[in-house]
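Read the structure below first, then the notes.
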Amino acid sequence: MSRFTLAIHGGAGTILRSNMTPEKELAYRAALEDALKAGAAVLSANGSAVDAVRAAVCSLEDNILFNAGKGSVFGKDGKQEMDASIMDGSNRMAGAVAAVRNIRNPVELAYTIMMKSPHVMLNGNGAFEFAQLHGLAIEPDEYFYSDFRYKQWQQMLDTNQVALDHNVRVAATGGDGKKFGTVGAVAMDNLGNLAAATSTGGMTNKAFGRVGDSPIIGAGTYANNKTCAISCTGHGEPFIRAVTAYDVSCLMEYKGYTLEEAMRVVVQEKLPPIDGEGGMIGVDASGNISLQFNSDGMYRGLLASDGRYEVAIYRDLES
Ligand code: ASP
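The opening residue of the sequence shown carries number 4 in the working numbering; numbering runs sequentially from there.
Next comes the structure, spelled out in structure tokens:
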């Protein structure tokens, strides 16, 4: 039997039970379960950690509930631009894509860049051309559209503010709008290899061309078999400045911290003073998993071959 661990997130932010309807909560839980199943199917068949995180993230990108792929947020110009990245901890190869439009699964484009180009990151039109060249699925604007996120953007349009998707309350939805988000997955496969992937539509009302932490290797995503695989979610700018995902790896490598200790220090102690609201998921090569956030909630899940299983949303224990 193969030995593996997998964790996923669907974004962090002001996610409160009081703002949720039972129907929506069920839909989120089902979506998280589907993504865990997609990743676990790869791992239980002895597939690689890289293929598992791709499968889990694609499942979340295809679900309109999350701010990644289909259902991405709108920028200031009314367009949906997406960022994604993937990293293989066995060889520290990485691929990333920034500010792309119309790519059905940005994580697949990041993977293709990692596998088939000499580069780590492509952006905008160049990334789109590369996607066409390699036959990736392209979709029209309507595919990515969601009424909910359009309303979120309309509310912020006349301001100079940007917001985490989960933190924009949309009156038109009955006040249950503080939710949704960036997606990510981390895994350890049967060979002990680690991988991480993250995908996002970014922040509502962001400037044209703005790139967050999600596609930045070391900030939103990092994997190294020696230490850990990390995928972050939260306010991208502080996460970039704190080199967040790599900082966890450094604390483990240079200070001998456990995964749990390193993630706690970074998320609870280092990010808050620089307004780094959000969280992260991590696994290490011993099969440990940690899910940390400093916001009210984080859509999250984990599954391991030894029977560990959890799908949760809120901060409190019955989440
Ligand atoms: N980190 C993402 C960004 O800043 C947003 C999120 O996690 O929801 O683009």
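From the three backbone atoms N, C-alpha and C, an ideal C-beta is built for every residue, glycine too.
Looking at residue j and residue i, is the spacing between their C-beta atoms short of 7 angstroms?
i       : j       : result
Val-110 : Val-60  : yes
Ala-199 : Gly-221 : no
Met-301 : Ala-30  : no
Asn-193 : Arg-6   : yes
Leu-112 : Ala-140 : no
Thr-207 : Gln-155 : yes
Gly-78  : Ile-67  : no
Val-186 : Ala-102 : no
Asp-62  : Thr-201 : First, the amino acid is wrong: residue 62 is Ser here, not Asp. Going by C-beta atoms, Ser-62 is not nearer than 7 angstroms to Thr-201.
Can you tell which of the options has the C-alpha that lies nearest to the C-alpha of residue i?
i       : options                               : result
Gly-127 : Met-90, Val-56 and Asp-86             : Asp-86
Arg-152 : Glu-142, Pro-25 and Ala-71            : Ala-71
Ala-41  : Ala-188, Glu-272, Leu-139 and Gly-285 : Ala-188
Arg-293 : Ser-234, Tyr-146 and Ala-113          : Note on residue identity: the sequence assigns Ser, not Arg, to residue 293. Among Ser-234, Tyr-146 and Ala-113, the Cα nearest to that of Ser-293 is on Ser-234.
Gly-205 : Met-191, Gly-223, Asn-196 and Met-96  : Gly-223
Met-117 : Tyr-148, Gln-83 and Arg-57            : Arg-57
Tyr-146 : Val-76, Glu-28, Ala-52 and Asp-80     : Val-76
Gly-13  : Arg-303, Tyr-312 and Arg-318          : Arg-303
Ala-190 : Met-266, Gly-285 and Met-255          : Gly-285
When DSSP labels each residue in this structure, what does residue i get in the three-state scheme?
i       : result
Gly-42  : helix
Phe-296 : strand
Asp-309 : coil
Tyr-148 : coil
Thr-176 : Since pLDDT at Thr-176 reaches only 36, below the 50 mark, its modelled position is unreliable, and the value read off the structure follows with that caveat. If DSSP states are grouped into helix, strand and coil, Thr-176 belongs with the helices.
Ile-243 : helix
Exposed or buried, what is residue i when buried is set at 16 or more other beta-carbons lying within 10 Å of its beta-carbon?
i       : result
Gly-310 : exposed
Pro-241 : buried
Ala-10  : buried
Asp-299 : buried
His-122 : exposed
Leu-306 : buried
Phe-296 : buried
Gly-98  : buried
Pro-345 : No answer is possible for residue 345: it lies beyond the span of the chain, which begins at 4 and ends at 322.
Ile-18  : buried
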